[in-house]
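Chemist: Residue numbers (the working numbering), protein chains in the order written: chain A, 1 to 206; chain B, 1001 to 1206.
Beta carbons are placed, not taken as given, at the ideal position from N, Cα and C, and that holds for glycine.
Fair warning: this is a prediction, and the values are worked out from it, not measured in the lab.
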DNA sequence: CTTTTTCCTGCCCAAAAGTACAATGTAATC
DNA sequence: GATTACATTGTACTTTTGGGCAGGAAAAAG
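1) Scan the segment 1158-1183 of chain B for residues whose Cβ lies nearer than 7 Å to a Cβ of chain A and list them as they occur along the chain.
2) Would residue 1067/B and residue 1090/B be called neighbours here (beta carbons separated by less than 7 Å)?
3) Does residue 201/A get closer than 7 Å to chain B when you measure Cβ to Cβ?
4) Using a Cβ-Cβ cut-off of 6 Å (strictly less than) and excluding sequence neighbours within five positions of residue 1123/B, which residues of its own chain qualify?
5) Starting from residue 169/A, trace the beta strand (DSSP E) both ways and give me its first and last residue.
6) Look up residue 1067/B in the DSSP assignment and say whether it is helix, strand or coil.
7) Cβ of residue 24/A within 7 Å of Cβ of residue 6/A?
8) Name the two residues that bound the continuous beta strand (DSSP E) containing residue 1060/B.
9) Quick check on DSSP: helix, strand or coil for residue 94/A?
10) Throw me the rounded Cβ distance for the residue 1167/B and residue 1174/B pair, which I believe falls under 8 Å.
11) So if DSSP puts residue 1003/B in a beta bridge, which residue, or which two residues, is it bridged to?
12) Using beta-carbon positions only, say whether residue 207/A and residue 197/A come within less than 7 Å of one another.
13) Going straight from the alpha carbon of residue 1188/B to that of residue 1047/B, what length do you get?
14) Any heavy atom of the ligand MG within a distance shorter than 6 Å of the CB on residue 1168/B?
15) Counting only beta-carbon separations shorter than 7 Å, does residue 1193/B have a partner in chain A?
16) Tell me the DSSP bridge mates of residue 113/A?
17) State yes or no: is the beta carbon of residue 1142/B nearer than 7 Å to at least one beta carbon in chain A?
18) Pick helix, strand or coil for residue 176/A, following the three-state DSSP scheme.
19) I need the boundaries of the alpha helix (DSSP H) containing residue 146/A, first residue and last residue.
20) With a 10 Å radius around its C-beta and 16 neighbouring C-beta atoms as the bar for buried, classify residue 93/A as buried or exposed.
21) Interface residues of chain B around residue 188/A at Cβ under 7 Å?
22) Would you say residue 1157/B and residue 1191/B are within 7 Å of each other, going by their C-beta atoms?
23) Starting from residue 200/A, follow the alpha helix (DSSP H) in both directions and report where the run begins and ends.
24) With a cut-off of 7 Å, does the C-beta of residue 198/A fall near any C-beta of chain B?
25) Using beta carbons (cut-off 7 Å, strictly below), is residue 1205/B in contact with chain A?
26) Classify residue 1070/B: buried if its beta carbon has 16 or more other beta carbons within 10 angstroms, exposed otherwise.
27) Quick check on DSSP: helix, strand or coil for residue 1013/B?
28) Could you tell me the distance, in whole angstroms, from the CA atom of residue 1038/B to the CA atom of residue 1059/B?
29) Just how far apart, CA to CA, sit residue 16/A and residue 44/A?
30) Along the chain, where does the beta strand (DSSP E) that runs through residue 1205/B open and close?
31) On a CA-only basis, which of 1014/B, 1053/B, 1057/B, 1107/B is nearest residue 1002/B? Give me that one, please.
32) Take the Cβ of residue 1216/B as the centre, count every other Cβ of all protein chains shown within 10 Å, and call the residue buried at 16 or more, exposed below.
33) Straight-line CA distance for residue 1142/B to residue 1195/B?
34) Taking the alpha carbon of residue 214/A as the point to measure from, which residue in 8/A, 62/A, 202/A, 162/A has its own alpha carbon closest?
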């Protein structure tokens, strides 16, 4: 698979040339009209303006090209965005030649290159998602302690509804809403509707 | 790098043998005491009981071995858990030989194998995280519209504090807290402290 | 068929929350 | 020095909230 290095600096990245010295460099944007297939593009992000870099990347991905984004300051969050739009690899501008070769091989084999740091952060994100799901379970537990009508009232409060609004949507008197709320406060051991709304949304109280 | 296939079925996975026919198979658990380094273990998850599989995996990872988990029904969520504990690859039991070879190569090169499906799901999770972060950003934007003292008051409310409590923690009169709150309600276009607490915690109102 | 739970509502009251109008002081900006 | 933004507090008022006491009705459980 051919390699193509996209940068605005002519003297950039010796390690890249060490890895793929025989490959071509595109230092003049915009890209040529016709993109050849089976080429792995390496985009030297910070050598370009953000607008240039973004439009170039969009063009490449629109052409179903394989792209590795190289940046001076790899940022896991940014990296994840890149992967989500189809970028195959995200690595440091100054990665050593041997590592660049490995990245290329992995991608040629149909894989995706994740640096160890990116992978770690990705995992942290995943774990955060899992934790969020777990906490959602906590809210279910809370709601399970309530009677059906109490649950309805609680859910309304959890979205910021006032007693009057709840009484309208549930077609009961405001006094009834208050009665349900008092029961809810007791059962869930909270002081007022604010705390109720927060715990139902898995937010810790102070 | 040597391959080692861990399964309880003797006749399992012809494609695996096609890919790594010369490699060894462990069909009798538990694992031998001494784990040789530089071996890539392929764990045939569903051929074992969950307990067996889990303890075997834990043993391998404790020995800092490289492990690929193979399963009949790849599940992105489960896969993420595997990666988070150090598994290098997660793929389908019936993947074709050529793909298995690719997985092996990627891992040998220090990468991690993510199937396309797993990658997609991972991205969805990431996007959810990103969305959460963005929303957190929204909260930051909201807070940015406030003066320093208003911010303090708002944050207290966001954790369920009452006016009296806030007046104590901030060492101001209750009247001042109310004044700040009125200003906050105006600026952030909410009706009362409940809605304020919710939007500051990135929860949609009804 | 009782008993219990849940649900509904009224009147009243107290506390909390929220608002209007007014005033003072301080710091920064112009 | 004047203006502006911010912070502070007061009095007084209205609204909302939370709850005590009391009384029903309906449904589920025993």
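Modeler: Reading it off the structure:
1) 1159, 1160, 1161
2) The residue you call residue 1067/B lines up with position 67 of the second chain. The residue you call residue 1090/B lines up with position 90 of the second chain. No, Cβ-Cβ distance for residue 1067/B and residue 1090/B is not below 7 Å.
3) Start at 1 with the first residue of the first chain, and residue 201/A comes out as number 201. It does: the Cβ of residue 201/A has a partner Cβ on chain B nearer than 7 Å.
4) What you label residue 1123/B is simply residue 123 of the second chain in a count that begins at 1. Confidence at residue 1123/B is low in this model, with a pLDDT of 49, below 50, so its placement is unreliable and no value can be given for it.
5) Position 169 of the first chain, counting from 1, holds the residue named residue 169/A. No beta strand (DSSP E) contains residue 169/A, which is instead part of the alpha helix (DSSP H) from 163-170.
6) Counting from one through the second chain, the residue named residue 1067/B turns up at place 67. In the structure shown, residue 1067/B sits in a strand (DSSP, three-state: E or B).
7) Taking the first residue of the first chain as position 1, residue 24/A is located at position 24. Taking the first residue of the first chain as position 1, residue 6/A is located at position 6. Result no, Cβ atoms of residue 24/A and residue 6/A do not sit closer than 7 Å.
8) Position 60 of the second chain, counted from the start, is the residue given in the question as residue 1060/B. Run containing residue 1060/B: none in the beta strand (DSSP E); it sits in the alpha helix (DSSP H), 1050-1062.
9) Residue 94/A sits at position 94 when you count from the first residue of the first chain. Coil.
10) Locating residue 1167/B in the second chain gives position 167, where the first residue counts as 1. Locating residue 1174/B in the second chain gives position 174, where the first residue counts as 1. Sure, about 4 Å apart at Cβ, within 8 Å.
11) Numbered from its first residue, the second chain carries residue 1003/B at position 3. Its beta-bridge partners are 1040/B.
12) The structure shown has nothing for residue 207/A, since chain A only spans 1 to 206.
13) Reading the second chain from its first residue, position 188 is the one you call residue 1188/B. Reading the second chain from its first residue, position 47 is the one you call residue 1047/B. One C-alpha to the other measures close to 57 Å.
14) This structure does not include the ligand MG; it has no bound ligands of any sort.
15) Residue numbering aside, residue 1193/B sits at position 193 when the second chain is read from its first letter. Taking Cβ atoms only, chain A reaches closer than 7 Å to residue 1193/B, which makes this a yes.
16) Here the question's residue 113/A lines up with position 113 in the first chain. Residue 113/A is bridged to 89/A.
17) Here residue 1142/B corresponds to residue number 142 of the second chain, with the count starting at 1. Output row for residue 1142/B: interface = no.
18) Taking the first chain and counting its residues from 1, one reaches residue 176/A at position 176. Looking at residue 176/A - three-state DSSP - the assignment turns out to be helix.
19) Translated into positions along the first chain, residue 146/A becomes position 146. No alpha helix (DSSP H) contains residue 146/A, which DSSP labels as neither H nor E.
20) Indexing the first chain from 1 puts residue 93/A at position 93. Per the 10 Å Cβ criterion, buried.
21) Against the first chain, residue 188/A aligns to sequence position 188. Correct list: empty, because the minimum Cβ distance to chain B is about 13 Å.
22) In the second chain, the residue the question calls residue 1157/B occupies position 157. In the second chain, the residue the question calls residue 1191/B occupies position 191. Going by C-beta atoms, residue 1157/B is not nearer than 7 Å to residue 1191/B.
23) Indexing the first chain from 1 puts residue 200/A at position 200. Counting along the chain, the alpha helix (DSSP H) containing residue 200/A begins and ends at 193-200.
24) By one-based count along the first chain, residue 198/A stands at place 198. Answer yes: the Cβ-Cβ gap between residue 198/A and chain B drops below 7 Å somewhere.
25) Along the second chain, one-based indexing puts residue 1205/B at 205. Residue 1205/B counts as touching chain A.
26) As a first step, residue 1070/B must be located in the second chain, where it is residue number 70. Residue 1070/B is buried by the Cβ-count criterion.
27) For the purposes of this step, residue 1013/B is taken as the residue at position 13 of the second chain. Residue state, collapsed to three classes: coil.
28) Start at 1 with the first residue of the second chain, and residue 1038/B comes out as number 38. Start at 1 with the first residue of the second chain, and residue 1059/B comes out as number 59. If I take the Cα positions, the gap works out to 16 Å.
29) As a position in the first chain, residue 16/A is number 16, starting the count at 1. As a position in the first chain, residue 44/A is number 44, starting the count at 1. Cα to Cα, residue 16/A sits roughly 11 Å from residue 44/A.
30) The residue you call residue 1205/B lines up with position 205 of the second chain. Segment: none, residue 1205/B is in no beta strand (DSSP E) and carries neither H nor E.
31) Locating residue 1002/B in the second chain gives position 2, counting from the first residue. Ranking 1014/B, 1053/B, 1057/B, 1107/B by Cα distance to residue 1002/B puts 1107/B first.
32) A question about residue 1216/B goes unanswered here, because the residues of chain B that appear run from 1001 up to 1206.
33) Here residue 1142/B corresponds to residue number 142 of the second chain, with the count starting at 1. Here residue 1195/B corresponds to residue number 195 of the second chain, with the count starting at 1. Looking at the two C-alpha atoms, the distance is approximately 13 Å.
34) As shown, chain A starts at 1 and ends at 206. That puts residue 214/A outside it, with no answer to give.
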